[in-house]
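A.B. asks:
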Amino acid sequence: MSRVRVSLRPSAGRQHHAGPLTYVLLGLAALVSLFPLYWNLVAASHSGERVVEAPAPLLPGPRLFDNLTFAWNQVDMGEALVNTTVVAGLVALSTVLFSTLAGFAFAKLPFKGRGAMLTLVVATMTIPPQLSVIPLYRIITDLGWVDQLQSVVLPSLVAAFGVFFMRQYLIEALPVELVEAARMDGAHSLRIIWHVVFPVARPAMAVLGMLVFVQAWNDFFWPFIALTPDGNPTLQVALAGLGSGNHTVDQSIVLTGALISTLPLLLVFAVLGKHIVGGITAGAVKS
Amino acid sequence: MATSLRAAADGSPPPAPPSPAPGAPGPPTSSWRSRLYRWDLRLSPYAYVAPFFLTFAAFGLFPLIYTGWLSLHRVELGGDAQWRGLDNYTALADSEFFWNALANTFTIGVVSTVPQLLMALGLAHLLNYKLRGRGFFRVAVLAPYATSIAAATLVFAQLFNTDYGLINTVLGWVGFDPVDWESSRWPAQIAISTIVTWRWTGYNALIYLAAMQAVPQDLYEAAALDGASRWRQFLSVTIPSIRPTILFTIVVSTIGATQLFGEPMIFGGSLGVSGGSGNQFQTLSLLMYEKGWVTGALGQASAIAWVMLLLLLLIGAVRLLLARVNRKKLGA
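Heads up: the sequence lines are chains A and B, in that order.
Be aware that the first sequence starts at 1, since it is given in the working numbering, and climbs by one per residue.
Be aware that the second sequence starts at 288, since it is given in the working numbering, and climbs by one per residue.
1) Have a look at A:281, A:274, A:254 and flag the residue whose alpha-carbon is nearest the alpha-carbon of residue 46 (chain A).
2) Kindly indicate which residue of A:19, A:54, A:154 has the alpha-carbon position closest to the one of residue 343 (chain B).
3) Exposed or buried, which one is residue 634 (chain B) when buried takes at least 16 other CB atoms within 10 Å?
4) If we count the other Cβ atoms within 10 Å of its Cβ and call it buried at 16 or more, is residue 386 (chain B) buried or exposed?
5) Show which residues of chain B have a CB atom less than 9 Å away from the CB atom of residue 266 (chain A).
6) Does DSSP classify residue 363 (chain B) as helix, strand or coil?
7) What separation, rounded to the nearest whole angstrom, lies between the Cα atoms of residue 601 (chain B) and residue 113 (chain A)?
8) Could you pull out every residue in the same chain whose Cβ sits closer than 6 Å to the Cβ of residue 71 (chain A), ignoring the five residues on either side in sequence?
9) Three or more C-beta pairs under 8 Å: does that hold for the stretch 466 to 485 of chain B against the stretch 390 to 403 of chain B?
10) Would residue 238 (chain A) be called buried (16 or more neighbouring beta carbons within 10 Å of its own) or exposed?
11) Does the CB of residue 53 (chain A) have a neighbour CB from chain B at under 9 Å?
12) Could you tell me which residues DSSP puts in a beta bridge with residue 369 (chain B)?
13) Identify, in the order they occur along the chain, each residue of the same chain with its Cβ nearer than 6 Å to the Cβ of residue 516 (chain B), setting aside the five sequence neighbours on each side.
14) In chain A, which residues lie with their C-beta within 9 Å of the C-beta of residue 585 (chain B)?
15) What does residue 109 (chain A) touch in chain B if you count any residue whose Cβ is under 8 Å from its own?
16) For a cutoff of 9 Å on Cβ pairs, would you count residue 261 (chain A) as touching chain B?
17) Of all Cβ atoms in chain A, is any one closer than 9 Å to the Cβ of residue 338 (chain B)?
18) For residue 261 (chain A), is the classification buried or exposed, using 16 other Cβ atoms within 10 angstroms of its Cβ as the cut-off for buried?
19) With contact counted as at least three CB pairs below 8 Å, one residue from each stretch, are the stretch 76 to 91 of chain A and the stretch 550 to 561 of chain B in contact?
20) Which residue marks the beginning of the alpha helix (DSSP H) containing residue 338 (chain B), and which one marks its end?
21) Could you tell me which residues DSSP pairs with residue 108 (chain A) in its beta bridges?
22) Less than 9 Å between the beta carbons of residue 201 (chain A) and residue 281 (chain A), yes or no?
23) Short check: CB of residue 39 (chain A) to CB of residue 442 (chain B), under 9 Å?
24) Could you give the distance in angstroms between the alpha-carbon of residue 613 (chain B) and the alpha-carbon of residue 168 (chain A)?
25) Here's the rule: buried if 16 or more other CB atoms are within 10 angstroms of the residue's CB, otherwise exposed. What is residue 53 (chain A)?
26) Could you tell me which residues DSSP puts in a beta bridge with residue 17 (chain A)?
27) Let me check one thing: in DSSP terms, what residues is residue 509 (chain B) bridge-paired to?
28) Can you give me the Cβ contacts of residue 243 (chain A) inside the same chain, cut-off strictly under 7 Å, excluding the 5 residues immediately before and after it?
29) Kindly give me the distance between the Cβ atoms of residue 435 (chain B) and residue 563 (chain B), rounded to whole angstroms, as I take these residues to be in contact under 8 Å.
30) Closer than 7 Å by beta-carbon distance: list the chain A residues that pair up with residue 574 (chain B), in chain order.
31) Buried or exposed for residue 463 (chain B), please, with buried defined as at least 16 other CB atoms from any protein chain shown within 10 angstroms of its CB.
32) Short of 7 Å Cβ to Cβ, which residues in the stretch 526 to 542 of chain B face chain A?
33) Relative to the alpha-carbon of residue 19 (chain A), which residue among B:541, B:366, B:418 has its alpha-carbon at the smallest distance?
34) Note down, in chain order, each residue of its chain lying with its Cβ closer than 6 Å to the Cβ of residue 440 (chain B), except the 5 sequence neighbours on either side.
35) List, in chain order, every chain A residue whose beta-carbon is nearer than 7 Å to that of residue 416 (chain B).
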């Protein structure tokens, strides 16, 4: 099998141009990915009777605006939207801030127990949330926090994934000389963080912020337990209430609610799609 | 100092050892300042990692242990705990609901994870070609990731509806009888797995794509010289090269599948908590929720939570074992 290595045409291996079959398959994948979202829009634009009539509609109908108005006013989707934005915004901000600080320490600062602590951080990622909900529920009941947004925000202030993500980024992106040079200049560490670490980490912070925001926006299990559809729900909790028939059995309203919960994130994706794609891939390569 | 740091802030390469600008504070000289400086050096790392560990201690570790303690007691919502030893666990072992939920979690997990990761591999391979409209395809396959569990499940519940759902309509065109996607065991489990697969395939494909792009070009060149077809190259070069990434996604998907809650819960509508009329899609998480919040048996719910952790530890151990066997086989 030993051969002399010759330099081949540059298009060898993975750099092949895609053939027609590739486009057909990818087109199919895009269709399967996007169709349920399109159909959500279709269903939200028909009356409740039309949606549950065979065969289901495939083209948009005339009632989108009516349904949006109804869902917004009758089921407090507006309030849920505000709640979700507040929760996801706070969680994203604090996770990015604390993950960057911890990631910087793990990447560039020597301290006793660093290795063991980092192992612990990674290990915590495998603990399922089911293991903490019962005591957490008792705690928030005792504190009178049921239906209060802080019961959803506080447990998510910082995530192991974020710490690990920022560490991986800063190991390569932040030259240790830069930190030492700042120290030589007499900068204390908060100053270094502000003037050196944050500027270098900004691209990764943006990506982490988007990922955490999406995750917090879509989070279901714990919010469903801590918040009730009638109290102070996030979108997901309000939607689950709609779906199980607490308020209405009008499927077009249920699906209008689903549309309201999805649309903001889809808009974000349409605008920032490339960066989010880049972020997911960046997080994966270095794992 | 200010100039050198601002240069770095603009993203330019790190400057050579900076010369202190006139008027800027020099290295600390007084003993008070140097002591402060040493403290800063020694203690600040702990301050930076503290938020994570404090949050984890309060909302992760303490509840974990407390759940373990609860699982050894008989506790009802709002009531006092009575010591019961391992009773909750033996009760689980005797409960057909537990074994049913465990089996459902396993089958839904397999039916959602295996096709999902295989399709993600294929999709990543396709996305790795030189493509027109590359950006569009990548964002399109990622769009389901932006959809919440609740929204996706509500949409799919309509598409899978037995009487008027589009999926049965399409099956009818091809000549199949309508399938009862909610009340029959396997169809219901397949429908729920479809929702999971739909949401995560594109995300996993992008993770694979990133790994594929890091595979050295010469490996493909050598394989092509040896006369390997593209399919052969995919099997013998691409797959082995991205094995760590594949392992990573298997672990993450397994953890996700073990905790499956929202999809079966919402798919079941008003029957959600029990996982369908005959518990045909009740998962461990759903059973735990039912025990804890519907029945009010928090001790039993805690025992289920701990069984889930033990399962994950078991899976992790098996994975480590397999990795070791694999390494031996490769002789590395």
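For each residue, glycine too, the CB sits at the ideal point set by N, CA and C.
C.D. replies: So, from the listed chains and residues:
1) Of the candidates A:281, A:274, A:254, A:254 places its Cα closest to the Cα of residue 46 (chain A).
2) It is A:154 whose Cα lies nearest to the Cα of residue 343 (chain B).
3) This structure does not reach residue 634 (chain B), given that chain B is present from 288 up to 619, and the question cannot be answered.
4) Burial call: exposed.
5) Neighbours of residue 266 (chain A) on chain B, chain order: 430, 433, 434.
6) In the displayed model, residue 363 (chain B) falls within a strand according to three-state DSSP.
7) Residue 601 (chain B) and residue 113 (chain A): Cα-Cα distance of roughly 27 Å.
8) Within its own chain, the residues whose Cβ lies closer than 6 Å to the Cβ of residue 71 (chain A), once the five positions on either side in sequence are excluded, are 77, 253, 256, 257, listed in chain order.
9) Yes, they touch.
10) With 16 or more neighbouring CB atoms inside 10 Å of its own CB, residue 238 (chain A) falls in the buried class.
11) Closer than 9 Å to some Cβ of chain B, the Cβ of residue 53 (chain A) qualifies, so yes.
12) Beta-bridge pairing links residue 369 (chain B) to B:361.
13) Cβ within range, chain order: n/a, list empty.
14) Simply 134, 137, 138.
15) Within chain B, the residues near residue 109 (chain A) are 331, 332, 335.
16) For residue 261 (chain A), the answer is yes, since a Cβ of chain B falls inside 9 Å of its Cβ.
17) Chain A places a beta carbon closer than 9 Å to that of residue 338 (chain B), counting this residue as a contact.
18) Burial call: buried.
19) With the cut-off at 8 Å, the stretch 76 to 91 of chain A and the stretch 550 to 561 of chain B do not touch.
20) It spans 318 to 343 - the alpha helix (DSSP H) in which residue 338 (chain B) sits, taken as one unbroken run.
21) In the DSSP assignment, residue 108 (chain A) forms no beta bridge with any residue.
22) With respect to the 9 Å criterion, residue 201 (chain A) and residue 281 (chain A) are not classified as neighbours on the basis of their beta carbons.
23) For residue 39 (chain A) and residue 442 (chain B), yes; Cβs fall inside 9 Å.
24) Going by the C-alpha atoms only, they are around 27 Å apart.
25) Label assigned to residue 53 (chain A): exposed.
26) Residue 17 (chain A) is bridged to B:417.
27) Per DSSP, none; premise fails for residue 509 (chain B).
28) Close CB contacts of residue 243 (chain A) within its chain, under the 7 Å cut and outside five residues either way in sequence, are with 254 (chain order).
29) Residue 435 (chain B) to residue 563 (chain B), Cβ: 22 Å. No contact.
30) Under the 7 Å cutoff, chain A gives no residues; its nearest Cβ is about 11 Å from residue 574 (chain B).
31) Per the 10 Å Cβ criterion, exposed.
32) 532, 535, 542: these are the residues of the stretch 526 to 542 of chain B whose beta carbon lies less than 7 Å from some beta carbon of chain A, given in chain order.
33) Closest by alpha carbon: B:418.
34) In chain order, 482, 550, 553, 554 place their CB closer than 6 Å to the CB of residue 440 (chain B), counting only its own chain and leaving out the 5 sequence neighbours on each side.
35) 16, 17, 18, 22, listed in chain order.
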